[in-house]
Amino acid sequence: MQIKLFSAIISILTGATLGWIFSIFENHLVVNGFDSAAKLIPTAAGAILLFFIYICYIYATQNREAEKNIEYQYTLLNTISKTAPVGICLIRDKSFIHVNDYFCDMIGYTREELIEKPTSIIYPTEQDFQFGLAVRQNQMRINGTGSIEAVIKCKNGTQKDVIINSTPLDKDDWSKGITFTLLDISKRKKAENELKQSYIELEKRKDAYKEAHRLEQLANVERSNFQDNMCHEIRTPLNGILGMLQILQLKISDKEDLEYIDYTMASCKRLANLLQEILEYSRLQEGRVCILHKPFCLPDIFEETRLLFELSLRQKGLDFHMDILEGIPDVLIGDHHKLQQILNNLVGNAVKFTNQGSIRIEAWPVSKNIYPEKCRILFSVSDTGIGIADDKLEYIFKAYSQADSSNTRSYDGAGLGLTIVKRLLDTIEGNIYIESKLGAGTEIIFCIEFKVPTPGIDY
Ligand code: ADP
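Heads up: the sequence shown begins at 38 in my numbering, then just goes up one per residue.
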């Protein structure tokens with residue numbers, strides 16, 4: 038503005054100067070004298086003329102700039118309309134006035150087929166059109182713009198899901214036209230519907246799975262009950278047979294007959310052990326276990342296991358070593374029954390599968406200093422027995438599985454011992470790890486956390 042004012046003053050001054058020079062020149066030639074009054078008119082005329090030329094120049098420049106601006110705005114809008122990945126149209130009097138290429142491609146009509154046609158042709162029904170119109174108008178009245186999700190009908194009869202945004206060119210006079218942008222959300226809708234469908238499927242499968250799980254649990258309970266009943270039914274006559282055999286053992290003096298009785302008694306004991314294992318497994322499977330929190334001394338537990346296997350160890354000529362490393366408190370609190378069961382099972386296997394050499398049980402503390410009120414203990418049961426092949430190791434903890442499952446195998450057992458050990462450890466949150474080499478021996482390591490008694494508290 039200041040520049041324009043400055044330019045106007047300059048043009049006036051220049052005009053005036055030119056007029057003044059002209060008047061001097063003219064006076065000198067025509068009148069041959071110097072008259073100051075005669076200079077005023079050409080000076081003023083010069084000033085007015087140049088000012089007028091300046092105004093015309095400014096006006097012309099401004100017009101050119103406005104034109105350029107309009108051209109630029111038009112090119113910009115045109116480019117946006119052509120390249121935007123949305124349908125754009127201008128509606129006036131419920132008819133199409135302008136549509137972009139994307140919109141035509143979207144619904145399959147040509148521009149000529151749409152211009153000046155009623156907008157209702159892109160709606161599946163008149164009712165859809167009226168409903169969309171009412172909602173949009175209401176939104177525009179409140180917010181100035183409208184946005185709705187709608188279904189539109191293409192020329193070929195197919196339908197598309199779109200989001201329609203509408204804005205009037207002049208919010209006070211809708212008759213000037215309303216711009217529409219249509220975003221095709223058919224793919225998103227399809228994906229949403231598929232997702233919904235898969236969710237429903239998933240829910241159905243979940244229900245089916247729950248039902249299958251319920252039925253399985255029911256079947257497990259029935260099977261366990263049946264197992265329990267059968268075991269008890271078999272155990273009663275078995276104990277009768279064992280009793281009778283013990284009486285016969287006292288009465289018979291013939292060496293050969295006594296050998297037969299010993300053999301029969303050994304078979305009966307094996308059968309009784311097997312029944313015991315089945316009962317234990319069935320109890321664990323059903324979760325019928327309670328966890329003890331009682332004080333105990335670890336050396337007593339180790340000694341109990343040694344006593345249990347003393348005879349078999351002697352009969353097989355095996356050495357037995359026990360080692361409790363420093364750092365384990367004299368008294369621990371936990372489920373010593375389960376620990377005893379685990380040790381007995383593992384040492385039982387070690388004795389069964391070792392024909393020469395030795396068996397070792399060890400215990401050493403871990404992380405005692407981190408939590409002084411707790412003590413994690415690693416136990417190891419190792420032997421110099423027949424070992425287990427690598428490919429059998431992963432199945433060894435499955436119920437009824439054995440490394441040698443042939444009919445001609447030379448070791449008895451039902452394949453339940455390690456399963457029971459694993460389940461017992463699960464109930465007291467312990468871990469187990471097995472390392473074995475065929476022909477070189479086996480080491481089974483397990484870890485259990487015990488509490489350390491606090492002085493002054495009775496347990
Ligand atoms: P089983 O009553 O058959 O011993 P387990 O579950 O206790 O059942 O053991 C499963 C199988 O793992 C055994 O049949 C045996 O093949 C193998 N196994 C377990 N412990 C040992 C071991 N200490 N040495 C060699 N093999 C073992």
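Yeah, the Cβ is synthetic: ideal placement off N, Cα and C, and Gly gets one too.
- Residue burial is scored here from C-beta neighbours: Ser473 has at least 16 other C-beta atoms within 10 angstroms and is therefore classed as buried.
- Within the region 153-236, the complete alpha helix (DSSP H) runs of at least 4 residues fall at 163-180.
- Within the model, the alpha-carbon separation for Met281 versus Leu348 is close to 24 Å.
- Counting C-beta atoms within 10 angstroms of its own C-beta, Thr491 has fewer than 16 neighbours from the protein chains shown and is therefore classed as exposed.
- Scanning the region 258-345 for uninterrupted alpha helix (DSSP H) segments of 4 residues or longer gives 292-322, listed from N- to C-terminal end.
- Non-local C-beta neighbours of Leu87 in its own chain, meaning closer than 6 Å and more than five positions away in sequence, comprise Ser48, Thr51, Gly52, ordered along the chain.
- Closest option to Lys41, judged by alpha-carbon separation, among Ile61, Phe59, Cys93: Cys93.
- In this structure, Cys484 sits near Arg413, with a CB-CB distance shorter than 8 Å.
- Around the C-beta of Asp360, fewer than 16 other C-beta atoms lie within 10 Å, and the residue is accordingly described as exposed.
- Here Ile457 is actually not in contact with Glu253; their C-beta atoms are around 21 Å apart, not less than 8 Å.
- Three or more Cβ pairs drawn from the region 418-426 and the region 462-479 lie within less than 8 Å of each other, which places the two stretches in contact.
- For Val384, the number of other beta carbons within 10 angstroms of its own is at least 16, and it is reported as buried.
- One thing to note: Ser157 has its Cβ no nearer than 8 Å to the Cβ of Gly183.
- Between Ile128 and Ile200, the gap from beta carbon to beta carbon reaches 8 Å or more.
- Under the Cβ criterion (8 Å, minimum of three pairs), the region 366-383 counts as touching the region 326-335.
- For Lys306, the shortest C-beta to heavy atom distance toward the ligand ADP is 7 Å or greater.
- With contact defined as three or more Cβ pairs closer than 8 Å, the region 187-201 and the region 98-113 are not in contact.
- In this structure Gly124 is in contact with Tyr139, their Cβ atoms being roughly 5 Å apart against a cut-off of 8 Å.
- In the structure shown, the three-state DSSP call for Asp138 is helix.
- Classified as exposed, Gly354 has fewer than 16 neighbouring CB atoms from the shown chains inside 10 Å of its CB.
- Between the alpha carbons of Pro161 and Glu102 lies a gap of roughly 47 Å.
- Judged by DSSP secondary structure, Ala387 falls within the alpha helix (DSSP H) whose first and last residues are 373-389.
- The distance from the Cβ of Ile465 to that of Lys375 is about 6 Å, consistent with a contact at the 8 Å cut-off.
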